[in-house]
Structure formats: C-alpha cells, structure tokens
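Asker: Position in the sequence shown (from 1) plus 33 gives the number in the numbering used here.
Backbone N, C-alpha and C define an ideal beta-carbon position, used for all residues, glycine too.
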Amino acid sequence: MLNLGILISGMGSNMESILKSIKSGETRINPAIVISNKSGVRGIAIAKKYNVKTAIVESVVGESRMNYDMRVVKILKRNKVTPKNGLVCLAGFMRLISPEFTRMYRDKILNIHPALLPSFPGLHAQRQALEYGVKYTGCTVHFVDEGVDTGRIIIQDVVKVEKNDTEKVLSARILKKEHKIYSKAIRLIIDKKI
Ligand code: GRF
34 MLNLGILISG MGSNMESILK SIKSGETRIN PAIVISNKSG VRGIAIAKKY NVKTAIVESV
94 VGESRMNYDM RVVKILKRNK VTPKNGLVCL AGFMRLISPE FTRMYRDKIL NIHPALLPSF
154 PGLHAQRQAL EYGVKYTGCT VHFVDEGVDT GRIIIQDVVK VEKNDTEKVL SARILKKEHK
214 IYSKAIRLII DKKI
C-alpha cells in the first residue's frame with residue numbers, strides 16, 4: 034500500500050475529505066503524515082482527530098525554498114512517504130515547491146486548484162474567474178511540476194457561475210466539488226489508471 038503525506042497551511046477541508054474517504058475504506062492508502070507550515074491551524078486538529086501523525090515545519094526568515102523543502106522531505110521519508118512508496122498531496126499548502134522537491138518526487142506530488150486549469154492559475158482563482166466573467170469554472174487535480182499550476186491534469190470538475198455569485202459563495206460551491214475529486218484522483222493513481 035502507498036504511504037500518503039498531506040501538506041496543508043490552514044483549514045484542511047480537502048485533507049479532511051481525503052482522510053474521511055480513507056477511513057470509510059473507499060480509498061486504500063496509508064495516511065502516514067500531515068505536515069503544516071503553520072501551527073495552530075484547524076487542519077492539524079482535524080488530522081489528530083483522525084489519529085494521523087502530524088508535524089509542523091515553520092518557515093525560517095531568509096531560508097531558501099530548497100532548504101525548507103528538504104526539511105519537509107526528511108519528515109516525509111522518515112514516515113515512509115518515499116518517491117517509490119509514497120504520494121504527496123498538496124491541500125491548500127500555500128507555498129511554492131522547489132524544483133529539487135518536484136524532481137525528487139516526480140509524478141508523486143499532486144495539487145488541487147480551484148479553477149479549470151490552464152485558466153486562472155495562481156492565487157485568487159475564484160476571483161479571477163468572476164472578474165473575467167466566465168459562465169463555468171471548476172476545480173482541477175494535477176501533478177506538480179516545476180511551474181505554478183502547470184503540471185499534467187489528472188481530473189477536473191465543472192461548476193456553474195451563478196448571476197449574483199460573490200467570491201465567497203462561488204468558492205464554497207467549488208470547494209464541495211474539490212472534496213469529491215481529490216480522493217478520486219488518488220484512487221486513479223492507486224488503481225494505476227493514470
Ligand atoms: C482550496 O480551495 C484549494 O483548492 C486551494 O486552497 C483551498 C484550500 O482549502 N489550493 P482547504 O485548506 O483544503 O480547506
């Protein structure tokens with residue numbers, strides 16, 4: 034069975050949906066470790082509730098991206114989330130990943146993005162979609178490569194933009210779909226369908 038590492042920064046609702054689907058037996062992967070770059074966040078409390086091991090890796094001022102990532106990698110490997118036996122899911126992890134990390138875990142790091150990539154990459158994807166005036170947006174799970182939200186797409190789902198949507202309302206509608214597709218993407222990888 035693969036070992037899963039989940040990287041979060043805050044709310045952790047995508048992480049929660051993954052842990053729920055593992056607990057129910059629907060997604061067969063070992064939840065080895067949840068790592069947050071911030072302490073005291075909701076996601077860490079939720080991971081503990083699911084009895085999943087947690088770690089906080091706080092960034093140090095002036096530290097290079099590679100150095101930070103290698104501290105994360107050390108914890109991943111210590112918990113058997115290796116490039117060979119592991120899968121890493123970025124779930125609202127608000128840091129860019131270094132090329133060293135992506136190269137080491139090639140095709141083993143996934144990310145979820147709240148838009149239909151390649152449209153609206155980067156921050157505030159839901160706001161970008163509203164400002165552009167698209168009628169449909171959605172969410173994407175993709176492999177992480179060296180670019181920002183540029184990796185190969187694994188799965189997407191569509192969300193209709195309603196007339197009076199605010200960023201908050203639209204984000205909540207997209208988030209519901211995110212919770213469905215992230216575990217689905219993990220299952221595609223487990224089942225070697227991707
Ligand atoms: C989600 O919208 C995700 O797509 C984006 O950040 C948000 C994180 O939410 N990358 P959560 O921490 O999983 O609740």
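(1) So, at 7 Å on beta carbons, what are the nonlocal neighbours of F134 in its own chain, with the 5 sequence-adjacent residues on each side left out?
(2) For ligand 1, is there any heavy atom lying closer than 7 Å to the beta carbon of L208?
(3) With DSSP as the reference, label S50 as helix, strand or coil.
(4) Using only CA atoms, which one of S50, L129, L149 lies nearest to V167?
(5) Along the chain, where does the alpha helix (DSSP H) containing N197 start, and where does it finish?
(6) Where are the beta strand (DSSP E) runs, 3 residues long or more, that stay fully inside the region 57-83, in chain order?
(7) Using only the alpha-carbon positions, how far apart do V93 and K196 sit?
(8) Tell me whether H157 counts as near ligand 1, meaning its Cβ is closer than 7 Å to at least one heavy atom of that ligand.
(9) For E91, does the count of other Cβ atoms within 10 angstroms reach 16, so buried, or fall short, so exposed?
(10) Starting from V174 and walking both ways along the beta strand (DSSP E), at which residues does that stretch end?
Answerer: For this structure:
(1) D102, V106
(2) yes
(3) helix
(4) V167 has its Cα closest to that of L149, out of S50, L129, L149.
(5) Segment: none, N197 is in no alpha helix (DSSP H) and carries neither H nor E.
(6) 63-69
(7) 44 Å
(8) Distances between the C-beta of H157 and the heavy atoms of ligand 1 are all 7 Å or more.
(9) exposed
(10) 169-176
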